[in-house]
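Under the working numbering, the sequence shown has 92 at position 81, and the numbering climbs by one with no breaks.
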Amino acid sequence: MLTRLRELHSEIREKLAELDQLIANDQPQVDRLMQVRHALTRASRARTKLLETEIYPRLLSAKTSTHMEGVRRLQEEGKADLMASSQHIGRWSLRTITEEWNQYRSASNAVRIAMRRRIKAEQELLYPLLAQLPA
């Protein structure tokens, strides 16, 4: 589980870095932007599935964990983050991005910051807990 989570975090960070470069442009590179957004969404969904179906159940079933409250909080925050991400994706269609590029750049920046914070929180809390689990 830990190895897969690390891989997904790495993939997400790579896609976020690609978005950083695309968003820095004065004009949208729409085709590439859509490819990167799609890849980021796929990786993020895979991470969410791993967390919800494997990691959280395993950690929360280990009732001896002193970090159960933190795991539960991370799980709840993840649900809110998922809703915010879905709203962002729904709001920013290809046409809207093209027509409102500067506004999209600002909105995308906020989402990318939130995603990086989320990954950092997962790394800080989950990596040590997962490393302690028996194989």
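From the three backbone atoms N, C-alpha and C, an ideal C-beta is built for every residue, glycine too.
Taking all protein chains shown into account, decide if Lys90 is buried (16 or more other Cβ within 10 angstroms of its Cβ) or exposed.
-> Position 79 of the sequence shown, counted from the start, is the residue given in the question as residue 90. Label assigned to Lys90: exposed.
Would you mind sorting Lys60 into buried or exposed? The rule is 16 or more other CB atoms within 10 Å of its CB.
-> Stepping through the sequence shown from its first residue, residue 60 is reached at position 49. With fewer than 16 other Cβ atoms within 10 Å, it is exposed.
First and last residue of the uninterrupted alpha helix (DSSP H) at Asn36 = In the sequence shown, counting from the first residue as 1, residue 36 sits at position 25. Run containing Asn36: none; DSSP gives neither H nor E here.
Proximity to Ser21 [Cα-Cα], best of Gln114, Arg58, Glu65 | Position 10 of the sequence shown, counted from the start, is the residue given in the question as residue 21. For the residues Gln114, Arg58, Glu65, the minimum Cα distance to Ser21 belongs to Arg58.
Trp103 (DSSP reduced to helix, strand or coil) = As a working mapping, residue 103 is identified with position 92 in the sequence shown. Coil at Trp103, not helix or strand.
Delimiting residues of the alpha helix (DSSP H) encompassing Ala121 = Here residue 121 refers to the residue found at position 110 of the sequence shown. Unbroken alpha helix (DSSP H) run through Ala121: 112 to 143.
Check Ala73 in the structure and name its three-state DSSP category.
-> The count along the sequence shown starts at 1 and reaches residue 73 at position 62. Of the three classes helix, strand and coil, the one that applies to Ala73 here is coil, per DSSP.
Classification of Met126 by the beta-carbon crowding that lies within 10 angstroms, buried from 16 upward = For the purposes of this step, residue 126 is taken as residue 115 along the sequence shown, with counting starting at 1. The Cβ neighbour count for Met126, taken over all protein chains shown within 10 Å, is at least 16; the residue is labelled buried.
Between Arg83 and the rest of its own chain, which residues show a CB-CB distance below 8 Å, the 5 nearest in sequence each way excluded?
-> Locating residue 83 in the sequence shown gives position 72, counting from the first residue. Counting only Cβ-Cβ distances below 8 Å, and skipping sequence neighbours, we find Leu71.
From Ile130 to Ser96, what does the alpha carbon distance come to, in whole angstroms?
-> Here the question's residue 130 lines up with position 119 in the sequence shown. Here the question's residue 96 lines up with position 85 in the sequence shown. For the pair Ile130 and Ser96, the Cα-to-Cα distance works out to about 14 Å.
CA-to-CA distance, Ser55 to Glu65, given in whole angstroms | Along the sequence shown, read from residue 1 onward, the residue named residue 65 stands at position 54. Along the sequence shown, read from residue 1 onward, the residue named residue 55 stands at position 44. One C-alpha to the other measures close to 15 Å.
Taking the C-alpha atoms as reference points, what is the distance between Leu13 and Ile124?
-> As a first step, residue 13 must be located in the sequence shown, where it is residue number 2. As a first step, residue 124 must be located in the sequence shown, where it is residue number 113. Rounded to the nearest angstrom, the two C-alpha atoms are 23 Å apart.
Excluding the 5 residues preceding and the 5 following Asp31 in the sequence, name in chain order all residues of the same chain whose CB lies nearer than 8 Å to its CB.
-> For this step, residue 31 is matched to residue 20 along the sequence shown. Only Arg123 meet the Cβ criterion.
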